[in-house]
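Below you'll find the structure, written out as structure tokens, and then a few comments.
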Amino acid sequence: MSEVGPKELRIVGFLCNWCSYGGADTAGVSRFKQPTDLRIIRVPCSGRVDPLFVVKALLNGADGVLVSGCHPRDCHYSDGNFYARRRLEMLKRLLPFLGIDDKRFHYTWISASEGQRWQQTVTDFTKQIHKLGPLHSGKEAQQ
Amino acid sequence: MRVGVFICHCGSNIAGTVDVARAAAELRKVPGVAFATNYMYTCSEPGQDEIKQAIKRENLDRIVVAACSPRMHELTFRRTIEKAGLNRYFLEMANIREHISWVGLDKEANTIKAIETIKMAVAKVMQNKPLYSSSFKINKRVLVIGGGVAGMQAALDCGDGGLEVVLVEKSPSVGGMMARLDKTFPTIDCSICILGPKMVDVAQHDKIKLYAYSEIEDIKGYVGNYEVKIRKKATYVDWTKCTGCGLCMEKCPSKNSYDYFNFGVAPTKAINIPFPQAIPKKAKIDPDFCRQFTKGKCGVCAKICPTGAINYEMQDEIVTEEVGAIVVASGYGLIDMDKFPEYGGGRYPDVITGIQYERLLNASGPTEGHIVRPSDHTEPKTVVFVSCAGSRDKSLGIPYCSNFCCMYIAKQAILTKDHIPDSQSYVFYMDIRSPGKGYDEFTRRAQEDYGAKYVRGRVSRIYPKGKKLVVVGADTLLGTQVEVEADLVVLATAVTAAPGAAQLAEKLHISYDTFGFYVESHPKLRPVETNTSGVFLAGAAQGPKDIPASVGQGSAAAAKVLALFSKDMLESDPAVAKVNENTCVGCLKCKLTCPFGAIQEKELRGGKIVASVIETVCAGCGVCTSTCPCGAIQLSHFTDNQLLAEVNAICQK
Amino acid sequence: MAEKEYAYYTGCSLEGTAVEYDMSMRQVFKALGVGIIEPEDWSCCGSTPAHTVDRVFAAALAARNLTIIEKMGTGIVTVPCPSCLSVLKRAHLGMTQDESFRNEVNELLDEPYEGGVVPKSTLQVMLEDVGLDAIASKVTHALPGLVVAPYYGCILTRPPEIAQFDDPENPVSMDKILEAVGVKVADYAFKLECCGAAFGVPKRDMVNRLTYRVLSMALEAGANCIAVACPLCQQNLDLRQGQVNSTMGSSFNLPILYFSQIVGLTYGLSPKELGMDKLVVSADDIVRSRITIEELAQREANAKAAEAEAKAAEKLKKAKAKEEDTKTEET
Amino acid sequence: MDTLNLTKSLNLSFIEQVSKESGQNPSLCYQCGNCTAGCPYTHFFDYPVSQIMRLLQTGQRDTILSSKAIWLCATCETCTTRCPCEIDVAMIMDTLRIIARRENKVSEKDVKLFYDSFLNSMKEHGRLFEVGTLLSYNLRSGNFFADADLGPKVLEKGKIHFLPRKIKGRDKVAKIFTRFQEKAKKHG
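Protein chains in written order, with this note's numbering: chain L, 5 to 147; chain B, 2 to 654; chain G, 109 to 439; chain X, 162 to 349.
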């Protein structure tokens, strides 16, 4: 989309089935337009997201990774998203040690009814990644 | 491995912004893909036949369907491939509609996105393993939460269908909001006259066990086998002894208790039976107002009670019930009056809510059906109704319509004229929403036959002037400011989620929207189901609803429960965690993190300690898999290999 | 109380038609130990007229003052005039929330504003920083018989996003301060109804009609005085009260005092210092009614004693009557 | 009233201009009339506020810019405070005034003259010179005796200064005026 520049970057999204994947569906049903860079992987729960997945994606060609789960306390699996939060927060702090700007990784909570919020999140995150530019040709990768 | 890829046009829904033929052509080049095609409507019968035939013809062993969201049709296509002889878990769906064709404008970008998304699905399906469900026994009892009209309908239908029902009601009597109404629109029949018999049925039904003045404490388990803890709140009256004679209420000296049933229109006694038709008809003490509790002495009710039922020492009691399904009919709430400082809400006694007015109209209400102003008990001659008090008001965070206010205002305007023939009603409205059967005719009657003056515009403020309330509004049809000097103002306050709705949802693991209303599984096709199997919705807990719609949903939820319980055994979801006992080191970190207590310690013959999953308890979240330091516990269908295959399909350096 | 210093942006009105607001505000702050410093060489905020020209231009006129105040290092500027306050806050919030707006405004200025000033009304400083207890502790005099209708005007609490103070529909800050100094406050429904604002000169009829309602509702509420915190409101209600009477055929004679004047009176400050003589509708009766709190206590004690006496007499009478009753019964 | 030909008179670029300059979205208005209901000036307006909003939604540029209402609004903020759609209505009125002034379409000449007198005083002295402003307004409006009845009252109270209080930095204030005028010229 013109908003984020002509060339697409590679963004991977891990979405929990019950809330955020549903939120992305809701955005679709409501035709909330979004940039096209994101590729979505469905997981049962944000607690299923192994930080290793994120690191692998970033090291192997992704320019940004987005993880989205249910709102805290609204997890389909009681408190899977609490485990997710703890792990992903750790991961965010670790990324700079791998030479990766931590702004390339974002985690958030979006419920199945929040189509508009999903649109906003995708648009903002895509803009942010475009601002940072491609990961693998820039300075970060050489470091 | 021979993967078949079926790309759906979904009419023009997908094909309009994704080049599906090009996508199919691209997919044919992918190693492992033996067949790829595009089809107008893959979910249609011929569409499904095409898949079945292709499986046989092309000897396919894994299938990818690129179409709508798997939340929509995954089950459909699983059945399709199963019929063609494949294990149902050899299916993957690529969501190219909700996530691609509907949200991207650029066809080229969409097509590339679709191709890559389908490639990810192909990568995953090649890692898939066949999974087999086991079956388990179910407990054919049902829990109904909420004893309003929706909950009672669900309970009665389930009970009549032969199921044992546990009905939990938060307040001391069943009946809910409907029990408070005077008449119902558009027929003006008496609310309690049609509801009362249902309430009695609930009390007398041999299949229904009623817990009144009780709340859900905790819920454990899964579809077919729930364990529910119910808090029976202390009433300080032994209900096994109480006969509902009402002597205590008559003699109680604490006359200024807040009357929850009447929304504070008039005070009640500290020990009370909420209303004459209450079910169960038992007394209850409000310790916030009872002198025995506030001052430490009184004891009048204990002395007077003929059966010795009063017990000031009573404590809350927790009971446990086992059920197999749950119907949530926990109702709605109303926005607080103090949200309307410009209307003097809460400050001016003669500015009241619609439900309070309902109690003033009601023959068994505190004024015995005489409409009087709360301030001076005089009869109002000019009554102003303000619709959308909070509804459709983004500044108050309520953008939605409250559904039934337009109708009850018309009803109240009609009843006002009936009660006080020389009265004049004014209704400030923005739009009249009356789409039900006989509804619009009813709002016309209020104007044509009962002379209610409808003013198209919002009210900006209300201020007192002498004994009158000056209502300042606009008539946008005239393009002027208008003022009405009213005796009584009735605000149609916005419908909100019931207090505590979010906490209950969290106990049930069901979703709720931004406003606290529960989210149905599909807005059109699964209106009473939730995403948690075994939990169903009825009534205004899902969104503002009038009586016919609530009753309809109550019956619908009951039908769903009866269908679920028509089998003796349920099939379990095989997408659960599995332990590789060879690589497990027995650290049991998984056991600590499992939200469901589904992991046990197990000693192998050689004395080695490993983790072991109780398959029926595991809900399949995969938290254990991400926790395990050696990858020994894997969530089936979402294993590390499967998810990494998807990552690798798009991230290749 | 620890002495705290504020920048004090007087505003043009307080140098002219509202000089008594300035006089009384300074006296009250002095009594409360609140230090105020007038920014050197401040200029007009631009008020409503500038806002009809251009938003950046209007913000620049206000921001010139913010720049001066920023350099003073007080952090907070307290502003008696709600119109000035609103303009300063708009400029401040606009410039701190929107970078491009800030740059545009700063282009018009000699020295840029960096966003380091918090504008607060004098009312807000009194309520939140000084506190009701401290306000009450300085009271030496009472104004028995005075019933005040507190009139806030439109923009002191509105819109809430800009004002960020008190309730936009039912403000109570002035009520609380007046009650703290022992003044009886009427329940007044027209606290916020617009008085006609700056239209006094070009649209006099319009203003007269609006002020008429504000004045008559105050009487309706049982008030014998209106308290204001805005020079424009005061001017429209006080200076133009005669105009209202002649155009609307009314006969109002309602003193319109700045809240600071009322507070000052209860602090025992001289009417001269508080600029009481500057009011057009005379407030001499109010000044004359002033007594010390000791006198008030004496009066109340006397009244109580009289009441007790009356009660005792009543009781005695009843007892006697009863006695007689029993006597007659016995016989 | 003439039929309003929407095909011809719907001025979309005007709607966009107002949206952009005010930062408000006029489409959010659902015409509930709350602004009109609360507006203290409705009696004096030729179009009540809600109709100004409606005229804006239908892009009726000329009608709006030549209306009296936009000049008689005192920015009391009641409409903004109570709008259920969270539209800053007062900001839209402000913007419409600015556009009308820019395009020299001022229906209420007296109001504008008063504002101009105020600003001229400010440009000249750095602060408002009340007497000067009033005199200048009276002279230019032809309304020679506006508020003349109030003069003696104020005079008696010693509130009037016949000489302006000029501040040292008045040239700096004047510079803001000139810089703005230059900038406005540059941008047409």
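Positions of the beta carbon are idealized from the N, C-alpha and C atoms, including for glycine.
**Message:** Mapping the DSSP letters down to three states, classify B/ILE311 as helix, strand or coil.
**Reply:** In the second sequence, the residue the question calls residue 311 of chain B occupies position 310. In the structure shown, B/ILE311 sits in a strand (DSSP, three-state: E or B).
**Prompt:** How long is the line joining the alpha carbons of B/LYS171 and B/LYS234, rounded to whole angstroms?
**Reply:** Taking the second sequence and counting its residues from 1, the one referred to as residue 171 of chain B is at position 170. Taking the second sequence and counting its residues from 1, the one referred to as residue 234 of chain B is at position 233. Taking the straight line from one Cα to the other gives about 9 Å.
**Asked** Can you find a C-beta in chain G that's less than 9 Å from the C-beta of X/VAL334?
**Response** Numbered from 1 along the fourth sequence, position 173 holds the residue referred to as residue 334 of chain X. Closer than 9 Å: yes.
**Endpoints, the beta strand (DSSP E) within which B/MET94 is located** = Here residue 94 of chain B is taken as the residue at index 93 of the second sequence, counted from 1. Element bounds for B/MET94: 92-96.
**Asked** To which residues of the same chain is B/ARG459 closer than 6 Å at the C-beta, ignoring the five residues directly before and after it?
**Response** The residue you call residue 459 of chain B lines up with position 458 of the second sequence. Taken in chain order, the list of residues that qualify is empty.
**Asked** Do you know offhand how far L/VAL8's Cα is from B/ARG89's?
**Response** Taking the first residue of the first sequence as position 1, residue 8 of chain L is located at position 4. Taking the first residue of the second sequence as position 1, residue 89 of chain B is located at position 88. The predicted position of L/VAL8 is uncertain, since its pLDDT is 39 and thus under 50; a value taken from the coordinates is nonetheless stated next. Going by the C-alpha atoms only, they are around 40 Å apart.
**Request:** Please list the partners that B/VAL460 has in chain X, where partner means a Cβ-to-Cβ separation under 7 Å.
**Result:** As a first step, residue 460 of chain B must be located in the second sequence, where it is residue number 459. Under the 7 Å cutoff, chain X gives ALA198.
**Request:** Measure the CB-CB distance between X/LEU233 and X/ALA261 and report whether it falls below 9 Å.
**Result:** The count along the fourth sequence starts at 1 and reaches residue 233 of chain X at position 72. The count along the fourth sequence starts at 1 and reaches residue 261 of chain X at position 100. It is not a contact, given that the beta carbons lie outside the stated cut-off.
**Request:** Could you name the residues of chain C that X/GLU247 contacts, counting a contact when the two beta carbons are closer than 8 Å?
**Result:** Any reference to chain C falls outside this structure, whose protein chains are L, B, G and X.
**Prompt:** Anyone know if the C-beta pair for B/ALA498 and B/ALA542 falls short of 9 Å?
**Reply:** Taking the second sequence and counting its residues from 1, the one referred to as residue 498 of chain B is at position 497. Taking the second sequence and counting its residues from 1, the one referred to as residue 542 of chain B is at position 541. Closer than 9 Å, so yes.
**Asked** Among the residues of its own chain, which have a CB less than 7 Å from the CB of B/LYS53, if the five just before and after it don't count?
**Response** Mapped onto the second sequence, residue 53 of chain B falls at position 52. Cβ within range, chain order: THR81, LYS84, ALA85.
**Request:** Could you tell me the distance, in whole angstroms, from the CA atom of B/TYR430 to the CA atom of B/TYR455?
**Result:** By 1-based counting over the second sequence, the position of residue 430 of chain B is 429. By 1-based counting over the second sequence, the position of residue 455 of chain B is 454. Roughly 7 Å separates the two Cα atoms.
**Prompt:** Beta carbon of B/VAL520, beta carbon of L/SER117: below 9 Å?
**Reply:** Start at 1 with the first residue of the second sequence, and residue 520 of chain B comes out as number 519. Start at 1 with the first residue of the first sequence, and residue 117 of chain L comes out as number 113. It is a contact, given that the beta carbons lie within the stated cut-off.
**Asked** For G/PRO363, which option in G/ALA335, G/ARG312, G/ALA305 has the closest C-alpha, if you only look at C-alpha atoms?
**Response** For the purposes of this step, residue 363 of chain G is taken as residue 255 along the third sequence, with counting starting at 1. Checked all of G/ALA335, G/ARG312, G/ALA305; the closest Cα to G/PRO363 is G/ALA335.
**Request:** Measure the Cβ-Cβ separation of X/TYR298 and X/LEU324 and say whether it is below 9 Å.
**Result:** To locate residue 298 of chain X, count along the fourth sequence from 1; it is residue 137. To locate residue 324 of chain X, count along the fourth sequence from 1; it is residue 163. No.
**Message:** So with CB distances below 8 Å, who are the chain L contacts of B/HIS510?
**Reply:** Indexing the second sequence from 1 puts residue 510 of chain B at position 509. Correct list: CYS79, HIS80, TYR81, SER82.
**Limits of the alpha helix (DSSP H) - the one that B/PRO198 falls within** = In the second sequence, residue 198 of chain B corresponds to position 197, counting from 1. Its alpha helix (DSSP H) spans residues 192-205.
**Prompt:** In whole angstroms, what separates the C-alpha of G/VAL142 from that of G/VAL315?
**Reply:** One-based indexing of the third sequence puts residue 142 of chain G at position 34. One-based indexing of the third sequence puts residue 315 of chain G at position 207. If I take the Cα positions, the gap works out to 36 Å.
**Asked** Hey, B/ALA155 and B/ALA330 are a contact pair by Cβ (cut 8 Å); roughly how many whole angstroms apart?
**Response** Reading the second sequence from its first residue, position 154 is the one you call residue 155 of chain B. Reading the second sequence from its first residue, position 329 is the one you call residue 330 of chain B. Between B/ALA330 and B/ALA155 the Cβ distance is about 6 Å, and since that is below 8 Å, they are a contact.
**Message:** On the criterion of 16 or more Cβ atoms from any shown chain inside 10 Å, does L/HIS80 qualify as buried, or is it exposed?
**Reply:** Along the first sequence, one-based indexing puts residue 80 of chain L at 76. Burial call: buried.
**Item:** Where the alpha helix (DSSP H) through L/ASN64 begins and ends
**Value:** Sequence index remark: in the first sequence, residue 64 of chain L carries index 60 (1-based). L/ASN64 -> no alpha helix (DSSP H), and no H or E assigned at all.
**Asked** If we count Cβ pairs, one from each stretch, closer than 8 Å, do we get three or more for the segment 152-164 of chain G versus the segment 222-234 of chain G?
**Response** no
**Asked** Run through DSSP, which three-state label would B/ASN642 get?
**Response** As a working mapping, residue 642 of chain B is identified with position 641 in the second sequence. Helix at B/ASN642.
**Asked** For B/LEU182, which of helix, strand or coil comes out of DSSP?
**Response** By 1-based counting over the second sequence, the position of residue 182 of chain B is 181. In the structure shown, B/LEU182 sits in coil (DSSP, three-state: anything other than H, G, I, E or B).
**Asked** In whole angstroms, what separates the C-alpha of X/GLN178 from that of G/GLU215?
**Response** In the fourth sequence, counting from the first residue as 1, residue 178 of chain X sits at position 17. In the third sequence, counting from the first residue as 1, residue 215 of chain G sits at position 107. Approximately 23 Å, taken between the alpha carbons.
**Asked** I think B/SER134 touches B/SER435, with their Cβ atoms under 8 Å apart; what is that distance to the nearest whole Å?
**Response** As a first step, residue 134 of chain B is located in the second sequence; it is residue number 133 there, counting from the start. As a first step, residue 435 of chain B is located in the second sequence; it is residue number 434 there, counting from the start. With a Cβ gap of about 49 Å, B/SER134 and B/SER435 do not count as contacting.
**Asked** Looking at chain B, which residues of the segment 200-232 of chain X have a Cβ within less than 8 Å of any of its Cβ atoms?
**Response** CYS200, THR203, HIS204, TYR208, PRO209, SER211, GLN212
**Message:** Between B/LYS30, B/ILE217, B/ALA267, B/ILE274, which has its C-alpha nearest B/THR244's C-alpha?
**Reply:** Locating residue 244 of chain B in the second sequence gives position 243, where the first residue counts as 1. When each option's Cα is compared against that of B/THR244, the closest is B/ILE274.
**In DSSP terms, what B/PHE429 is bridged to** = Here the question's residue 429 of chain B lines up with position 428 in the second sequence. Answer is B/VAL387, B/VAL456.
**Prompt:** Going along chain B in order, which residues have a C-beta closer than 7 Å to the C-beta of X/GLY194?
**Reply:** Translated into the one-based positions of the fourth sequence, residue 194 of chain X becomes position 33. Neighbours of X/GLY194 on chain B, chain order: GLY458, ARG459, ALA475, THR477.
**Request:** Closer than 7 Å by C-beta to G/SER222: which residues in its own chain qualify, once you throw out the five before and the five after it? Chain order, please.
**Result:** For the purposes of this step, residue 222 of chain G is taken as residue 114 along the third sequence, with counting starting at 1. Rather than Ser, the amino acid found at residue 222 of chain G in this sequence is Glu. So the qualifying residues of the chain are GLU178.
**Asked** By DSSP, does B/PRO367 sit in helix, in strand, or in coil?
**Response** Numbered from 1 along the second sequence, position 366 holds the residue referred to as residue 367 of chain B. Reduced to three states, the DSSP call for B/PRO367 is coil.
**At least three beta-carbon pairs within less than 8 Å, the segment 111-119 of chain B to the segment 9-27 of chain B** = yes
**Residues, ordered as in the chain, of the segment 314-329 of chain X that lie near chain G by beta-carbon distance below 8 Å** = LYS314, VAL315, LYS318, GLY319, LYS320, ILE321, HIS322, ARG326, ILE328, LYS329
**Item:** Cut-off 6 Å between Cβ atoms - residues of its own chain near B/GLU582, not counting five sequence neighbours on either side
**Value:** Here residue 582 of chain B corresponds to residue number 581 of the second sequence, with the count starting at 1. These residues qualify, in order along the chain: VAL611.
**Request:** Ignore the nearest five residues each way along the sequence and tell me which others in G/LYS311's own chain have a CB closer than 8 Å to its CB.
**Result:** For the purposes of this step, residue 311 of chain G is taken as the residue at position 203 of the third sequence. If we look at G/LYS311 and ignore the five residues flanking it on each side, its Cβ neighbours are GLY304.
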